[in-house]
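Numbered per the working numbering, the sequence shown finishes at 798, counting up by one with no gaps.
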Amino acid sequence: MNTNFLIKEADRCVKCGLCLPHCPTYQLAHDEAESPRGRISLIQGWVSGDLQADQPLLSHLDHCLLCRRCEDACPSAVRYAALMDAARESLPRTIPRWLPDILADRGRQRMAMKLAAVAVKSGMQAWFPSAIVRRLLSVAATIRGPESGSRATLNTHYAAKKPMKGEVALFKGCMQHAVDMPALEAAARMLTAIGYAVSVPPSQQCCGAMHAHAGYQQFAAEYRAANLTLFANNGYDALITVSSGCGSYLADTSGLDCPVMDAGAFIQQKGGIRDLPLTKIKRKIAVFLPCTLTAMRQQKQVMTLLQDLPGAELFELQGMGCCGGAGLHLITQPQSGEQLVKPLITQLEASQANIVVTTNSGCALQLQQAANKAGLGISVAHPLELVSEQLVKT
């Protein structure tokens, strides 16, 4: 146990409470133990020996979404997310390792999706005694598109379509074949359209965020080391992600010699899309900006990019600070997830938007599942999918 780090970081908290109104779980429960300040106090009590690592304590810590809204409000600059990850590594694990292992491995994902298709359709899903397994199957069954479970792969290199400005690396992420393939293809197309060559190393690994947030830091470190070896010292202008959950974690932990950027934010930073041949989209688009994108400080660039899309009518969904997807919370904490996504779905229904865009895989799955449950008949996509669709082929 890294006791010194836990004590030092927790002691930075002065218990001012400025974090409370920004915390989604505190807004739901109005319980001190469901706030950042309360969770830090629980960690301090456990480290000092005054509290036991019993089920109530572990549950309060597990409920944390790691949205990091509290970090922006904290006058003492407590590194709350790092503190929570360190505590979860030291405390008894409440999430079985097989769950992030499945999601981080393409072959296991494919098996889960095939099983989900059969189990949910036949009603066999209810036969599984584990609530986590039932929820995993439910989420897997909502994955959209013809790419779901396919063997399609990206090219390892895409040449710039105009005079070359530089080269970026595209991070595929472990959910690429299940969720992110359309976004990855759109990112490659748009990046090359603005003059950047795109490198897609085939042997890249999961970012490690799911393992780290579940307390399995050793496995996250192994992924991190493999990716660092692959992406470092190659002269890339940036490491590009299409899932801000990956991007936020990589930006904090990768140790790379280039910035980690959301694909849309990078395109906007490099001049945007105004000079590209784009057709009018003529759609009302609901935009959800994930907490992970906000943590990267790149949400404004993505919103500006969408505002420059000809014919687009935008409506930003405003919730309680998090949609409830939050990585593994999508599977392990469905009750709070339903409460957190509810105001977003209410706004979505009233907006009469005909598509939702977001930059994070977990948020996309959460919003899609909630929209389906509400009978809205609306799809969720990555912003660059819409932009790429409007790009005139040359």
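Built from N, CA and C at the ideal position, the CB exists for glycine as well.
Point to revise | Integer-rounded CB distance, given that L721 should sit under 8 Å from L748 | key: Right, the Cβ-Cβ distance comes to about 5 Å (below 8 Å), so this counts as a contact.
Exercise for review: Could you pull the start and end residues of the alpha helix (DSSP H) that V706 belongs to?
Suggested key: V706 -> alpha helix (DSSP H) spans 703 to 711.
Exercise for review: Report yes if the C-beta distance between Q703 and Q672 is below 8 Å; otherwise report no.
Suggested key: Going by beta carbons, Q703 and Q672 fall outside the 8 Å limit.
Point to revise | Cβ shell of L718 (< 7 Å), same chain only, five flanking positions each side left out | key: Excluding positions up to five away in sequence, the list reads I689, V691, L710, Q711.
Check your understanding: Could you check where the alpha helix (DSSP H) with D489 kicks off and where it finishes?
Key -> 484 to 494 is the extent of the alpha helix (DSSP H) around D489.
Check your understanding: From A669 to Y627, what distance separates their C-alpha atoms?
Key -> In a straight line, the C-alpha of A669 is about 25 Å away from that of Y627.
Point to revise | Coarse secondary structure for C578, derived from DSSP in three states | key: Judged by DSSP in its simplified three-state form, C578 adopts coil rather than helix or strand.
Check your understanding: Which of helix, strand or coil does DSSP assign to V784?
Key -> In the structure shown, the three-state DSSP call for V784 is strand.
Point to revise | CA-to-CA distance, S526 to Y484, given in whole angstroms | key: Using only the alpha carbons, I get a separation of about 43 Å.
Exercise for review: Work out the CA separation of I499 and K419 for me, nearest whole Å.
Suggested key: So the alpha carbons of these two residues sit roughly 29 Å apart.
Review point. Shortest alpha-carbon distance to A477 belongs to which of D509, R497, P425, M488?
Key: For A477, the nearest C-alpha among the options comes from P425.
Review point. Can you name the residues that DSSP bridges to G570?
Key: Answer by DSSP bridge pairing, in chain order: Y600.
Point to revise | Meets three-Cβ-pair contact criterion under 8 Å: the region 603 to 614 and the region 649 to 664 | key: Touching, yes, given that three or more Cβ pairs across the two stretches are closer than 8 Å.
Check your understanding: From this set, V451, R441, Q456, which residue's C-alpha is nearest N408's C-alpha?
Key -> With respect to the C-alpha of N408, the residue from V451, R441, Q456 having the closest C-alpha is V451.
**Study point:** Opening and closing residue of the alpha helix (DSSP H) in which F532 lies
**Key:** Under the DSSP assignment, F532 falls outside any alpha helix (DSSP H); it carries neither an H nor an E label.
Check your understanding: Are at least three pairs of beta-carbons, each pair with one atom in the region 442 to 460 and one in the region 500 to 509, less than 8 Å apart?
Key -> At 8 Å Cβ cutoff, the stretches do not touch.
Review point. Between K686 and the rest of its own chain, which residues show a CB-CB distance below 6 Å, the 5 nearest in sequence each way excluded?
Key: Answer for K686: G715, listed in chain order.
Practice item. Taking V664 as part of the beta strand (DSSP E), name the residues at either end of that continuous run. Key: From DSSP, the beta strand (DSSP E) with V664 extends over 664 to 666.
Review point. Mapping DSSP to helix, strand and coil, what is G553?
Key: Here the model assigns G553 a pLDDT of 42, short of 50, so the residue's position is not dependable, and the following value carries that caveat. Three-state DSSP puts G553 in coil, outside helix and strand.
**Study point:** Residue of P605, M594, I598 minimising C-alpha distance to K576
**Key:** Of the listed residues, the one whose Cα sits closest to K576 is P605.
Exercise for review: Name the two residues that bound the continuous alpha helix (DSSP H) containing E626.
Suggested key: Taken as a continuous stretch (DSSP letters only), the alpha helix (DSSP H) holding E626 covers 621 to 635.
Review point. What span of residues does the alpha helix (DSSP H) with V745 cover, start to end?
Key: 738 to 755 is the span of the alpha helix (DSSP H), which, as asked, contains V745.
Check your understanding: For N764 versus G649, is the C-beta distance shorter than 8 Å?
Key -> The criterion of a C-beta distance shorter than 8 Å is satisfied by N764 and G649.
Review point. With a Cβ-Cβ cutoff of 8 Å, do I447 and A414 count as a contact?
Key: Yes; because the gap between Cβ atoms is below 8 Å, this pair is in contact.
Point to revise | Range covered by the beta strand (DSSP E) that runs through E717 | key: Segment 717 to 720, the beta strand (DSSP E) holding E717.
Practice item. Can you tell me which of Y620, D509, H467 puts its alpha carbon nearest to the alpha carbon of S494? Key: Considering only alpha carbons, the answer is Y620.
**Study point:** Nearest neighbour of V761, chosen from M528, R473, V646 [CA to CA]
**Key:** If we check each option's Cα against that of V761, V646 comes out closest.
Point to revise | Alpha carbon of G549 to alpha carbon of L595, nearest angstrom | key: Low confidence applies to G549: its pLDDT is 45, below 50, so where it sits in the model is not reliable, and the reading given next is rough at best. G549 and L595 have their C-alpha atoms some 23 Å from each other.
Point to revise | Distance between D509 and L519 (C-alpha atoms, nearest Å) | key: Roughly 15 Å between the two C-alpha positions.
Check your understanding: For H561, which three-state DSSP category applies?
Key -> In the structure shown, H561 sits in a strand (DSSP, three-state: E or B).
Practice item. May I have the straight-line CA-CA distance separating G553 from L541, to the nearest angstrom? Key: For G553, the predicted model reports a pLDDT of 42, less than 50, meaning its position is unreliable and no value from the coordinates is stated.
Check your understanding: When the Cβ atoms of the region 584 to 591 are set against those of the region 624 to 640, are three or more pairs found closer than 8 Å?
Key -> Flag = no, the region 584 to 591 and the region 624 to 640 do not touch.
Point to revise | Closest by C-alpha distance to L634, when choosing among A573, A564, L693, K565 | key: Nearest C-alpha to L634: A573.
Review point. With L780 and E753 assumed to form a contact (beta carbons below 8 Å), what rounded beta-carbon distance in angstroms separates them?
Key: Sure, about 6 Å apart at Cβ, within 8 Å.
Review point. Roughly how many angstroms lie between the CA atoms of K569 and P440, to the nearest whole one?
Key: Cα-Cα distance, rounded: 44 Å.
Point to revise | For A690, the three-state DSSP class (helix, strand or coil) | key: In this structure, A690 counts as strand in the three-state DSSP scheme.
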